[in-house]
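Below is one structure; the comments refer to it alone.
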Amino acid sequence: MNVRIASAAYAVPPDVEAVEAVLQRERTRVETTLAPLSPLSRQKATEGLGLSHVRVCGAKQPYDLVLEAASSAIAEAGITARDINLILDYSTLPGENSPGLSSAHRLSAELGAETSLNLSFKAGGCGALHLAIKTALGWMNTDENIRTALLVTGDTPPHGNRSLLPVTVQGDAGSAVILRREGTEGPLLLGVEAMTLGHLQGAIGFVRTNGHLEIVVDARCIEDQVMPIYYLNLFRVMQKVLAASSLSLSDIDHFIYSNISLRDREGFRKMVGLPEGGLPPTPMAEYGHTFASDLVINYVHMRREGRIRPGQLLLFASAGIGFTWGVTLARA
Numbered sequence: 564m565n566v567r568i569a570s571a572a573y574a575v576p577p578d579v580e581a582v583e584a585v586l587q588r589e590r591t592r593v594e595t596t597l598a599p600l601s602p603l604s605r606q607k608a609t610e611g612l613g614l615s616h617v618r619v620c621g622a623k624q625p626y627d628l629v630l631e632a633a634s635s636a637i638a639e640a641g642i643t644a645r646d647i648n649l650i651l652d653y654s655t656l657p658g659e660n661s662p663g664l665s666s667a668h669r670l671s672a673e674l675g676a677e678t679s680l681n682l683s684f685k686a687g688g689c690g691a692l693h694l695a696i697k698t699a700l701g702w703m704n705t706d707e708n709i710r711t712a713l714l715v716t717g718d719t720p721p722h723g724n725r726s727l728l729p730v731t732v733q734g735d736a737g738s739a740v741i742l743r744r745e746g747t748e749g750p751l752l753l754g755v756e757a758m759t760l761g762h763l764q765g766a767i768g769f770v771r772t773n774g775h776l777e778i779v780v781d782a783r784c785i786e787d788q789v790m791p792i793y794y795l796n797l798f799r800v801m802q803k804v805l806a807a808s809s810l811s812l813s814d815i816d817h818f819i820y821s822n823i824s825l826r827d828r829e830g831f832r833k834m835v836g837l838p839e840g841g842l843p844p845t846p847m848a849e850y851g852h853t854f855a856s857d858l859v860i861n862y863v864h865m866r867r868e869g870r871i872r873p874g875q876l877l878l879f880a881s882a883g884i885g886f887t888w889g890v891t892l893a894r895a
């Protein structure tokens, strides 16, 4: 089955907040979360973030960002909304003011995608793009009528929960990817693989306190259970998707990875054997970590800079809550 990434786009809100200001405002949350760790681990948690600012939703909410990104992606793909057969919303944190139903339904109506099948799931966090692509491919493979899919996510943390130390600080964004079967433009999808480990679902979880959603970070679980296998599982999933195409890591021209922190990107760089500076710069310093939109932002950024040439191999990789690991392989 020939399926291509016909287009991709993202949108961020105009309002900006300094990461230092976020950490100061959420100081009690940060100290409480990091308290179970050793003094050295607590120190490391605040070092190497590489994040200066985050974009924050104000007048523009996640759905507005999704609509903006989707409209841009549709225009870039050279299609109309009526061409879209499937809309899949994979937002993890769509905002406390989000509609009761999935944004996919509202998006279908407002874009004019009159006959689209509208679906949603909330799982995978930063790794959810791979789950969305794999789901869309499944529908395309079993339903001849589904030829164009729009995948969207828009995320913002609950008030007072922007700090996710010892991991990252979250910024807000919305993004959209259009997949087309038997298309001629855009990278050809070669494979998608994902894995989940449910026993780690409490590493970063959600609870409701007095009716308000709160993100709870178990720093001890992250340090003792997640990090020892974090890059190992990414490597395993990579090897699986590469082996299916008779390729190796050395064949990859561009690695597109999350914007969790500079420290994390360095860990990924070393894991895949790239030299120092081998991962290209991304807008992470000014956007923060935007959950599953990270990969779309970095892909779009690379395309705008003219880094991606026809025939090159692209490997998208990320991991997130659940706990979830995912990899997507494509040829430009």
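Positions in the sequence shown are counted from 1; adding 563 to them yields my numbering.
C-beta atoms are modelled at their ideal positions from N, C-alpha and C, and glycine is treated no differently.
Just so it is clear, the structure is predicted and the values come from calculations on it, not from any experiment.
Next on the checklist: Assuming the contact rule is C-beta atoms closer than 8 Å, residue 612 and residue 783 should be a hit. Round their C-beta distance to whole Å, please.
Outcome noted: Not really, about 20 Å apart at Cβ, beyond 8 Å.
Checklist entry - Taking the Cβ atom as the reference point for each residue, do residue 855 and residue 875 lie within a distance shorter than 8 Å? => result no
Next on the checklist: Can you tell me whether residue 625 is buried or exposed? The criterion is at least 16 other CB atoms within 10 Å of its CB, across all chains shown.
Outcome noted: buried
Checklist entry - Using the rule of at least 16 other Cβ atoms within 10 Å of the residue's Cβ for burial, across every protein chain shown, is residue 722 buried or exposed? => result exposed
Checklist entry - Short check: CB of residue 672 to CB of residue 682, under 8 Å? => result no
Checklist entry - Starting from residue 804 and walking both ways along the alpha helix (DSSP H), at which residues does that stretch end? => result 790-807
Item to check | Spatial distance of residue 848 from residue 707 (CA atoms) | outcome: Rounded to the nearest angstrom, the two C-alpha atoms are 43 Å apart.
Checklist entry - When we look at the beta-carbon of residue 891 and count the other beta-carbons within 10 Å, is it buried (16 or more) or exposed? => result buried
Next on the checklist: Just verifying my parser: in three-state terms, what is the DSSP assignment at residue 764?
Outcome noted: Residue 764 sits in coil when the DSSP states are folded into three classes, being neither helix nor strand.
Checklist entry - Could you give the distance in angstroms between the alpha-carbon of residue 797 and the alpha-carbon of residue 869? => result 27 Å
Item to check | Beta-carbon separation (whole angstroms), residue 760 vs residue 565, contact threshold 8 Å | outcome: Residue 760 to residue 565, Cβ: 33 Å. No contact.
Checklist entry - Between the C-alpha atoms of residue 742 and residue 570, what's the straight-line distance to the nearest angstrom? => result 7 Å
Checklist entry - Between which two residues does the beta strand (DSSP E) containing residue 831 stretch? => result Element bounds for residue 831: not the beta strand (DSSP E) but the alpha helix (DSSP H), 825-835.
Item to check | Chain-order list of residues whose beta-carbon lies under 6 Å from that of residue 767 (same chain, five-residue window excluded) | outcome: 780 and 884
Checklist entry - For the candidate residues 814, 578 and 608, whose alpha-carbon lies nearest to that of residue 729? => result 608
Item to check | Length at least 4, wholly inside the segment 691-753: the alpha helix (DSSP H) runs in chain order | outcome: 691-705
Checklist entry - Is residue 619 closer than 8 Å to residue 580 when the C-beta atoms are compared? => result yes
Checklist entry - Taking the alpha-carbon positions, what's the residue 693 to residue 888 distance? => result 9 Å
Next on the checklist: If you reduce the DSSP assignment to three classes, tell me which class residue 861 lands in.
Outcome noted: helix
Item to check | Residue from 753, 696 and 700 whose Cα sits closest to the Cα of residue 805 | outcome: 753
Checklist entry - If you draw a straight line from the alpha carbon of residue 647 to that of residue 878, how long is it in whole angstroms? => result Their backbone Cα atoms lie some 26 Å apart in a straight line.
Checklist entry - What number of angstroms, rounded off, separates the C-alpha of residue 770 from the C-alpha of residue 747? => result If you take the alpha carbons of residue 770 and residue 747, they lie about 45 Å apart.
Next on the checklist: I'd like to check one pair, residue 643 with residue 685: are the Cβ atoms closer than 8 Å?
Outcome noted: no
Checklist entry - Under 8 Å between the Cβ atoms of residue 735 and residue 719? => result yes
Item to check | DSSP beta-bridge partners of residue 580 | outcome: Residue 580 is bridged to 617.
Checklist entry - Just the Cα atoms here: how many angstroms apart are residue 699 and residue 652? => result Straight-line Cα distance between these residues: approximately 11 Å.
Checklist entry - Considering only C-alpha positions, which residue in the set 665, 799, 821 and 631 is nearest to residue 674? => result 631
Checklist entry - How many angstroms separate the CA atom of residue 867 from the CA atom of residue 801? => result Roughly 26 Å separates the two Cα atoms.
Checklist entry - From the DSSP output, which residues share a beta bridge with residue 573? => result Residue 573 is bridged to 738.
Checklist entry - Can you tell which of 842, 872, 588 and 636 has the C-alpha that lies nearest to the C-alpha of residue 737? => result Comparing Cα positions, the closest option is 636.
Next on the checklist: Tell me the rounded alpha-carbon separation between residue 814 and residue 639.
Outcome noted: Answer to the nearest angstrom: the Cα atoms are 29 Å apart.
Item to check | Closest residue to residue 622 among 578, 704 and 816 (Cα-Cα distance) | outcome: 578
Checklist entry - Is residue 870 helix, strand or coil by DSSP? => result Coil, per DSSP.
Item to check | Check whether residue 680 and residue 649 have beta carbons under 8 Å apart | outcome: Yes, the pair counts as a contact, with Cβ atoms nearer than the cut-off.
Next on the checklist: At the level of alpha carbons, what is the spacing between residue 689 and residue 697?
Outcome noted: Approximately 15 Å between the Cα atoms of the pair.
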